[in-house]
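A short write-up of the structure that comes next.
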Amino acid sequence: MRASQFFFNTQKEAPNEAELQSHILMVRAGLIKRLGSGLYSWMPLGLRVLRKVERVVREEMNNAGALELLMPAVQPKELWEETGRWAVFGPQMLKIQDRHEREFCFGPTHEEVITDIARKEIRSYKQLPLNFYQIQTKFRDEIRPRFGVMRAREFMMKDAYSFHTDFASLEQTYDTMYQAYSNVFTRLGLKFRAVKADTGAIGGDGSHEFHVLADSGEDGLAYCETSDFAANVELAEAIPASTSRSAAAETMREVDTPKQTACEDVAKLLEISIARTVKAIALIAKDEAGNAKFYLALLRGDHNLNEVKLGKVAGFSDFRFATEEEIRANLNCPPGFIGPVGVGANVTVIADKTVASMSDFVCGANKPKFHLAGVNFGRDLPEPVLVADIRNVVAGDASPDGKGVLSLCRGIEVGHIFQLRTKYSEAMSATYLDENGQTQVMEMGCYGIGVSRIVGAAIEQGNDERGIIFPKSMAPFEVVICAIGYDKSEAVQAATKKLHDELQAAGVDVLLDDRGERPGVMFAEADLMGIPHRLVIGERGLNEGNVEYKARTQADAQSVALASVVEFVQ
Ligand code: ATP
Ligand code: MG
Ligand code: MG
Ligand code: MG
-7 MRASQFFFNT QKEAPNEAEL QSHILMVRAG LIKRLGSGLY SWMPLGLRVL
43 RKVERVVREE MNNAGALELL MPAVQPKELW EETGRWAVFG PQMLKIQDRH
93 EREFCFGPTH EEVITDIARK EIRSYKQLPL NFYQIQTKFR DEIRPRFGVM
143 RAREFMMKDA YSFHTDFASL EQTYDTMYQA YSNVFTRLGL KFRAVKADTG
193 AIGGDGSHEF HVLADSGEDG LAYCETSDFA ANVELAEAIP ASTSRSAAAE
243 TMREVDTPKQ TACEDVAKLL EISIARTVKA IALIAKDEAG NAKFYLALLR
293 GDHNLNEVKL GKVAGFSDFR FATEEEIRAN LNCPPGFIGP VGVGANVTVI
343 ADKTVASMSD FVCGANKPKF HLAGVNFGRD LPEPVLVADI RNVVAGDASP
393 DGKGVLSLCR GIEVGHIFQL RTKYSEAMSA TYLDENGQTQ VMEMGCYGIG
443 VSRIVGAAIE QGNDERGIIF PKSMAPFEVV ICAIGYDKSE AVQAATKKLH
493 DELQAAGVDV LLDDRGERPG VMFAEADLMG IPHRLVIGER GLNEGNVEYK
543 ARTQADAQSV ALASVVEFVQ
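Quick note on numbering: the sequence shown equals residues -7 to 562 in my numbering.
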């Protein structure tokens, strides 16, 4: 590519609203242009980066046997009503109407659409397993769009959905996806860590997140150096220790996830006040639609649990404490995470999960009760259980697996994989015929990567005072040739054009800066844009058969024989 024929829009000033280096640098380098809150155009330079990320993701998905398709961004309300998520997804969903006043959303995710495809197109066990993916635009009306493309409203996601005859097959594909994700982030040159994750509103059992490690990350991660324990502790940040009810309510409102709606539901069931200590209990209730909902509640303070008042609330029934097995099933807690509750009261609900049916849960012989105050645990109800709270850990605390101590770091969530099990297939009757001609519900998994967020995350990891330091795999250009005195010297023109063509022929993504700019301007722009290799060619060096080479990460330049440059930069 010749710089004179490309479009650059670098700028000196940092955008006012930018808080993070990656955001500042993406705007300054001219990768993105803001249109409105959480809305960005990818300029030609930025799109080259985005496409490189996409290519790596696509190749690894294809290698892992996934099949690419493309679904509509706009989705009819009726599909979302089948799973109940039209009501519970919350304000992140952008709802729209067509000219006939029919309701749609701009898809924040695609479980409903793909499950609709599966139930209509998949007939027999012989067709399974199948894993479909797309790379496509999502819209989520984030409460606080910020950090540029890292928390945008419109963004690019790779989302994959797998379908299976049984759990063993789902686990196999889940492992394959885990490996594919590790390959993607390794190939992209990122420092990352996979951690156990909360399954949130998507639901299901097993779940891992992939985080790019960066101090500016929004999530807290706890991990053990001497074992493979690693988990997300993001909720510790979401609800900081607080002494007033209104402050906590305020914080809960800020946690703008689909969890919020359900939080509000359960908040009605409980008398909330806030103290400092955080422990947790898990509760289960049926909502109006008869769906059993799982709630994780943080206990604050050191009052006796018997004092918790669970009120009777319209639309809710069967409200009770979850059993240890239920908690494990819902939270994917490792052993050692759960112990008997001693004390604690004053409940704040922070997370919920809708489960497919009440029969998923068995709660001994005890009848659910509306009013628990005074209840004798162990006699009237199962002993309540405490989810040991990793959300409050400090570095050096024992790892829940007992194999060492925890370290803490921060991360940016760039990928998330889930074992959905039958949550969507049951709700939407996605079935197949087994070997005996019997109708069976499909097992499902889903797997997301924040394609556009990766670009911001990579820059958070790679930058200095001069600008972006891109890994070679996603740099807009791998090599820039800075032609000194291009306008004036035919020798420079001939030599740089020849080298440009040779590099291009060798498959190197090369930019020839033929604009006749001063060296200082060319160097500053190349550094700002994060181009990994810089070659400087001027008449003096040419007379000696040399060019000057500098890596973006090196302080000093070195002289390289012109004849060996093509090999040198590869
Ligand atoms: P977050 O916790 O950051 O809000 P999420 O858990 O809501 O993310 P998922 O539903 O797991 O996101 O979606 C899959 C991936 O999409 C995420 O791992 C993330 O990389 C990306 N993603 C989610 N929300 C955004 C956003 N607002 N802007 C850019 N990328 C996003
Ligand atoms: Mg989110
Ligand atoms: Mg998340
Ligand atoms: Mg997630």
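Just so it is clear, CB atoms sit at the ideal spot from N, CA and C, and this is done for glycine as well.
The alpha carbon of Leu398 has as its nearest neighbour, out of Leu213, Leu61 and Val406, the alpha carbon of Leu213. By the Cβ criterion, the segment 426 to 441 is in contact with the segment 104 to 118, since at least three pairs of Cβ atoms, one from each stretch, lie closer than 8 Å. Using a Cβ distance threshold of 8 Å, Arg532 and Ile461 do not count as a contacting pair. Looking at the DSSP output, Ser199 bridges to Phe410. Of Thr218, Leu86 and Cys474, the smallest CA-CA separation from Asp506 is found for Cys474. Assignment of beta-bridge partners to Trp34 by DSSP yields Ile24.
Here the C-alpha atom of Thr157 lies approximately 47 Å from the C-alpha atom of Gln13. Counting only unbroken stretches of 3 or more residues, the beta strand (DSSP E) elements lying wholly within the segment 397 to 471 are 398 to 413, 423 to 425, 431 to 433 and 435 to 441, in sequence order. Gly448 is not a Cβ neighbour of Gly22, given a cutoff of 8 Å. Per DSSP, reduced to three states, the secondary structure at Lys188 is strand.
Minimum Cα-Cα distance from Ile523 among the listed residues Asn8, Ser29 and Arg40 corresponds to Arg40.
Selection Gly440, Ile24, Thr488 and Ala486 evaluated against His102 yields Gly440 as nearest (Cα-Cα). Inclusion of Leu534 and Ala487 in the CB contact set at 8 Å is warranted, their separation being smaller than that value. Taking the C-beta atoms as reference points, Tyr424 is found nearer than 8 Å to Tyr117. Taken from the Cβ of Glu95, every heavy atom of ligand 3 lies 7 Å or farther away.
The three-state secondary structure of Leu59, taken from DSSP, is strand.
Judged by DSSP secondary structure, Met149 falls within the beta strand (DSSP E) whose first and last residues are Glu146 to His156. Within 7 Å of the C-beta of Thr129 there is not a single heavy atom belonging to ligand 1. At least one heavy atom of ligand 1 falls within 7 Å of the beta-carbon of Arg132. Judged by DSSP in its simplified three-state form, Lys118 adopts helix.
In the three-state reduction of the DSSP assignment, Arg532 falls in the helix class. For the pair Asp133 and Met63, the CB atoms are not nearer than the 8 Å cut-off. Taking a cut-off of 8 Å on C-beta distances, the segment 50 to 67 does not touch the segment 22 to 39, as fewer than three cross pairs fall below it.
In the DSSP annotation of this structure, the continuous segment of the alpha helix (DSSP H) that includes Asp167 starts and ends at Phe159 to Arg179. Residues of the same chain with a CB within less than 8 Å of the CB of Val484, apart from the 5 flanking positions on each side, are Ala475, Ile476, Gly477, Tyr478, Ile529, Gly530, Glu531 and Leu534 in chain order. Bridge pairing for Asn224: Leu213 [DSSP].
The three-state reading of DSSP puts Arg(-6) in strand, counting E and B together. Here the alpha carbons of Ala(-5) and Met18 stand approximately 19 Å from one another. The beta carbons of Leu205 and Arg179 sit no closer together than 8 Å. Per DSSP, reduced to three states, the secondary structure at Phe515 is helical. Leu182 and Phe202 have their C-alpha atoms some 11 Å from each other. Residue environment: Asp167 is assigned as exposed (fewer than 16 neighbouring CB atoms within 10 Å of its CB, all protein chains considered). Rounded to whole angstroms, the gap between the alpha carbons of Glu536 and Phe0 is 33 Å. Of the heavy atoms belonging to ligand 3, at least one sits nearer than 7 Å to the Cβ of Glu405.
Taken from the Cβ of Ser444, at least one heavy atom of ligand 1 lies inside 7 Å. Distance from the CA of Phe(-2) to the CA of Phe124, rounded to the nearest whole angstrom, comes to 36 Å.
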